[in-house]
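Trainee: Pasting a structure below so you can have a look.
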Amino acid sequence: MSKKTWRIGVAGLGTVGGGLMKFLAVQPDFAPAGGRAVVTGVCARSRSRHRETDISALNWFDDPVALATSADTDIFVELIGGSDGPAKAAVEAALALGKPVVTANKALIAEHGAALALLAEAKGAPLLFEAAVMGGTPAVKMLREAMVGDEVVSVAGILNGTCNYILSEMEASGRSFAEVLAEAQRLGYAEADPTMDIGGFDAAHKIVILSALAFGCAPDYAGAEIEGLDQIELLDIKLAGDLGYRIKLVASAERSDAGVSVRVHPALAPLDHPLAQTSGALNALFIEGRRIGRIFIQGPGAGAGPTAAAVAADIADVMTGATRPVFQRPAVGLPRLTAVDPAHRQGRAYLRLQVRDEAGVIAAVSETLAEERVSIDSFLQKPAHDAEGVPIVLTTHAAPEAMLLNAVRRIAALPSVLQPPRMIRIARV
Ligand SMILES: NC(=O)c1ccc[n+]([C@@H]2O[C@H](COP(=O)([O-])OP(=O)(O)OC[C@H]3O[C@@H](n4cnc5c(N)ncnc54)[C@H](OP(=O)(O)O)[C@@H]3O)[C@@H](O)[C@H]2O)c1
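Reading the sequence shown from the start, the letters are residues 4 to 432 in the numbering used here.
Here it is as C-alpha cells:
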C-alpha cells in the first residue's frame, strides 16, 4: 500500500520555519507510520529574501490566511509568532475549516489558548504546540499525555534561555547586566527588543501553557505574576554565591486547595540544585506528581534544529492520528482556576540592604523582622566598600509573603537604611 502524502503549509520561514524546511526537505518519511510530510506551500513576509532551502517550486502565499485555507494544505504549520495579528488569524482560519494546526507560538497559545481549543475541538481539528515550550525538550507531551495518570501538583523551571545565558555570563565574567545583554544582542542570543525575554513575559507565556496542561485548566495569562530580570545586579549574583546560591529566573505553577499560583521571578537556588546547575541557554523543568513523584528534564529550549524537531513531532502526531484534547481535558467546560492570593503564600527570601556603617543598625533590622514574625536564617556583612555605606545580606526562614513584604517596607523606612532593600525570593524547589 502506498504511503499517504500529507501536504504541509508552512507560514513563517525564519529560525524555526527555516529549520523545519531543511528537515522535511531531506526527511519527508521521518514518521513512516503516518505517511510522508511534504511541504507544498509557504508564506513569509518577503518573497525575495534568500532562504536556505530552495522554495522556488513551492506555492508562495503572501497571506498566511490564504495558505491556511488553501485546498492544497492538509496540515497548517504556523511559525510566524505573535499573540495576535496574522498568526492568530491564520490559525483560526485553518481550525475553522477543521484543518490540523501545528504551531510554536507560545504567546498565541498562552493568551488565546482557551478560545482556540474550543474552536479546534468543535471542528475536530488537532491543535498542537510542542515547540512552544522548551523548544526541543518535550515538556508539552509529557504533561498532556504521560502525566495523565497522575495528579500534577507543581511544575517549576528555567524556561527562558536568553535570561539564563545572561545570568550565567554575568557570574562567569563578572560583567554587568547591561554589558552582557549588549553582547547577547550582538551574538543574536537576544532580540533587538529584549523586553519579552528580560521582562519575564516569554517565560510567563510558557509557564501559563504548562500550568494549563498540568492542571487540566484554561490557560490564564492575565492571572500570572511576572517579574523579570531587570533589577538583578552583579552584586546580588556575587552575594548569593557567597551564601551558597545562584540566581535564576524561575517560572513556576503550583496547585493547592486555595487555587493556583503561576509566576515568574528571579529566585535563589542552592548551588548544588539541578536548576542552579542549568547554565547558558539550557532550559530545565521539574514536574511533581502525587503518585509519580518528581521528574526533572533539561535540554535545549530554542534554536532551529531542536525547535523544528518538536514541530516535526507534532506533525507526526497528526499523521498517525495520535492527538489528544488540547489542554488534556475537553475544551468545553475547561475549568478556570482561582489565583491564590499572594499574601497567603509562604516563602523564604534573600534581602540585601545598603546601610550606614554605625552601631545599632543590625539590631533595628532584626527587630523589624521579628515584629513581622520573619526569622533570619543566615546573615552576611561585607566590609565597607565605599562612602555609601555597607551592604548587609540575610536570608529568612519561610514566612507568609505578606509579612515579608511588610518587613521590607518597614526596613526601607529605617533612617540607617540608605537604599530600597533588594528582595529576591529563594526558590521552593
Ligand atoms: N527561535 C526559536 O528558537 C524558537 C523556539 C521556540 C518557539 N519559537 C516560536 O516560533 C515562532 C517563530 O519564531 P522564529 O524565531 O522562527 O521567528 P523569526 O525568525 O522572526 O521568523 C518569523 C517568520 O515569520 C515571517 N513573518 C513575519 N510576519 C509575517 C506576516 N505578517 N506574514 C507572513 N509571514 C510573516 C517572517 O518572514 P520574513 O522571513 O520574510 O521576514 C519570518 O520568516 C514564534 O512563535 C516563536 O515564539 C521560536
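Beta carbons: idealized from backbone N, C-alpha and C, even for Gly.
(1) Buried or exposed for Glu124, going by 16 or more other Cβ atoms inside 10 Å?
(2) Please confirm whether any heavy atom of ligand 1 lies closer than 7 Å to the CB of Ser2.
(3) Among all the DSSP beta bridges, which residues are the ones paired with Ser381?
(4) Measuring from the CB of Cys166, is there a heavy atom of ligand 1 at a distance below 7 Å?
(5) Return the chain-ordered ranges of every beta strand (DSSP E) run that is complete within the region 51–106 and spans a minimum of 3 residues.
(6) Helix, strand or coil for Thr326 per DSSP?
(7) Out of curiosity, what's the CA-to-CA distance linking Asp57 and Gly304?
(8) Give the secondary structure of Leu246 by DSSP, where H, G and I count as helix, E and B as strand, and everything else as coil.
(9) Please report how far the alpha carbon of Gln422 lies from the alpha carbon of Arg293, in whole angstroms.
(10) Can you give me the Cβ contacts of Thr43 inside the same chain, cut-off strictly under 8 Å, excluding the 5 residues immediately before and after it?
(11) State the CB to CB distance for the pair Pro269 and Glu236, rounded to an integer number of angstroms; the pair is presumed to be in contact (CB under 8 Å).
(12) Does Val335 come out as helix, strand or coil in the three-state DSSP assignment?
(13) Whether or not the region 87–107 and the region 184–204 are in contact is what I'm after, with contact meaning three or more pairs of Cβ atoms, one per stretch, closer than 8 Å; do they touch?
(14) What three-state label does DSSP hand Val420 in the structure shown?
(15) Would you kindly check if the distance between the Cβ of Gly219 and the Cβ of Arg39 is under 8 Å?
(16) Considering Thr43, what are the terminal residues of the beta strand (DSSP E) in which it resides?
(17) In chain order, what are the residue ranges of uninterrupted beta strand (DSSP E) at least 3 long that sit wholly in the region 260–301?
(18) Nearest-angstrom Cα distance between Phe289 and Ile298?
(19) Tell whether a beta-carbon distance below 8 Å holds between Val45 and Ile318.
(20) May I ask which residues mark the beginning and end of the beta strand (DSSP E) holding Ile11?
(21) How would you label Lys241, buried or exposed, when you count the other beta carbons within 10 angstroms and need 16 or more for buried?
(22) State the Cα-Cα distance for the pair Val267 and Gly306, rounded to the nearest angstrom.
(23) Where do the ends of the beta strand (DSSP E) carrying Ala352 lie?
(24) For a quick check, are the C-beta atoms of Met426 and Ala352 less than 8 Å apart?
(25) In the DSSP assignment, find the beta strand (DSSP E) that holds Ile161 and state where it starts and stops.
(26) Please give the ranges of any alpha helix (DSSP H) in the region 158–207, keeping only runs that are unbroken, at least 4 residues long and fully inside the region.
(27) Going by beta carbon distance, what residues of the same chain come within less than 7 Å of Pro1, once the five residues before and after it are set aside?
(28) Can you give me the C-alpha to C-alpha distance between Leu162 and Ala402, rounded to a whole angstrom?
(29) Once DSSP output is grouped into helix, strand and coil, what is the label at Glu236?
(30) Leaving aside the five residues before and after Leu340 along the sequence, list all residues of the same chain whose C-beta is less than 6 Å from its C-beta, in chain order.
(31) If you follow the alpha helix (DSSP H) that Arg413 is in, where does it begin and where does it stop?
(32) Indicate whether the contact test is met: 3 or more Cβ pairs, each with one atom in the region 119–139 and one in the region 186–203, closer than 8 Å.
(33) Over the uninterrupted beta strand (DSSP E) stretch that includes Met426, give me the two end residues.
(34) Can you tell me whether DSSP reads Val29 as helix, strand or coil?
Mentor: Taking the definition as stated:
(1) Against the sequence shown, residue 124 aligns to sequence position 121. It counts as buried.
(2) It is not possible to answer for residue 2, since the shown part of the chain is limited to 4 through 432.
(3) Indexing the sequence shown from 1 puts residue 381 at position 378. In the DSSP output, where bridge partners are listed per residue, Ser381 has Thr398.
(4) Locating residue 166 in the sequence shown gives position 163, where the first residue counts as 1. No; taking the cut-off as 7 Å, the Cβ of Cys166 has no heavy atom of ligand 1 nearer than that.
(5) The region 51–106 contains these whole beta strand (DSSP E) runs: 62–64, 78–81, 104–106.
(6) Residue mapping note: residue 326 aligns to position 323 of the sequence shown, counting from 1. If DSSP states are grouped into helix, strand and coil, Thr326 belongs with coil.
(7) On the sequence shown, position 54 is the one that residue 57 refers to. On the sequence shown, position 301 is the one that residue 304 refers to. If I take the Cα positions, the gap works out to 27 Å.
(8) Mapped onto the sequence shown, residue 246 falls at position 243. Note: Leu246 maps to coil in three-state DSSP.
(9) Against the sequence shown, residue 422 aligns to sequence position 419. Against the sequence shown, residue 293 aligns to sequence position 290. CA-CA distance, Gln422 to Arg293, rounds to 44 Å.
(10) If you number the sequence shown from 1, residue 43 lands on position 40. Closer than 8 Å at the Cβ level, and outside the excluded window around Thr43, lie Arg10, Ile11, Gly12, Leu61, Asn62, Asp75, Thr76.
(11) On the sequence shown, position 266 is the one that residue 269 refers to. On the sequence shown, position 233 is the one that residue 236 refers to. About 11 Å; that fails the 8 Å criterion.
(12) The sequence position of residue 335 within the sequence shown is 332, counting from 1. Residue state, collapsed to three classes: coil.
(13) no
(14) Along the sequence shown, read from residue 1 onward, the residue named residue 420 stands at position 417. Val420 falls in the strand class under three-state DSSP.
(15) Along the sequence shown, one-based indexing puts residue 39 at 36. Along the sequence shown, one-based indexing puts residue 219 at 216. Going by C-beta atoms, Arg39 is not nearer than 8 Å to Gly219.
(16) By 1-based counting over the sequence shown, the position of residue 43 is 40. 39–46 is the span of the beta strand (DSSP E), which, as asked, contains Thr43.
(17) 262–273, 285–292
(18) Position 286 of the sequence shown, counted from the start, is the residue given in the question as residue 289. Position 295 of the sequence shown, counted from the start, is the residue given in the question as residue 298. Their Cα atoms are separated by approximately 6 Å.
(19) For the purposes of this step, residue 45 is identified with residue 42 of the sequence shown, where counting begins at 1. For the purposes of this step, residue 318 is identified with residue 315 of the sequence shown, where counting begins at 1. No, Cβ-Cβ distance for Val45 and Ile318 is not below 8 Å.
(20) Sequence index remark: in the sequence shown, residue 11 carries index 8 (1-based). Going by DSSP, Ile11 is part of the beta strand (DSSP E) stretching over 8–14.
(21) Counting from one through the sequence shown, the residue named residue 241 turns up at place 238. Looking at its Cβ environment, which holds fewer than 16 other Cβ atoms inside 10 Å, Lys241 is exposed.
(22) Along the sequence shown, one-based indexing puts residue 267 at 264. Along the sequence shown, one-based indexing puts residue 306 at 303. Straight-line measurement puts the Cα of Gly306 at about 22 Å from the Cα of Val267.
(23) Mapped onto the sequence shown, residue 352 falls at position 349. Residues 349–358.
(24) Residue mapping note: residue 426 aligns to position 423 of the sequence shown, counting from 1. Residue mapping note: residue 352 aligns to position 349 of the sequence shown, counting from 1. It is a contact, given that the beta carbons lie within the stated cut-off.
(25) In the sequence shown, residue 161 corresponds to position 158, counting from 1. Note, Ile161: beta strand (DSSP E), 155–161.
(26) 164–176, 180–190, 198–201
(27) The question about residue 1 has no answer here: the residues shown for the chain are numbered 4 through 432.
(28) Translated into positions along the sequence shown, residue 162 becomes position 159. Translated into positions along the sequence shown, residue 402 becomes position 399. Each residue's Cα considered, the two are about 27 Å apart.
(29) Here residue 236 refers to the residue found at position 233 when the sequence shown is read from its first residue. Here Glu236 sits in coil by DSSP.
(30) The count along the sequence shown starts at 1 and reaches residue 340 at position 337. The residues are Cys220, Gly262, Val263.
(31) In the sequence shown, residue 413 corresponds to position 410, counting from 1. Looking at the DSSP string, the run of the alpha helix (DSSP H) that includes Arg413 is 404–415.
(32) no
(33) Here the question's residue 426 lines up with position 423 in the sequence shown. Run containing Met426: 425–429, per the beta strand (DSSP E) assignment.
(34) In the sequence shown, residue 29 corresponds to position 26, counting from 1. If DSSP states are grouped into helix, strand and coil, Val29 belongs with the helices.
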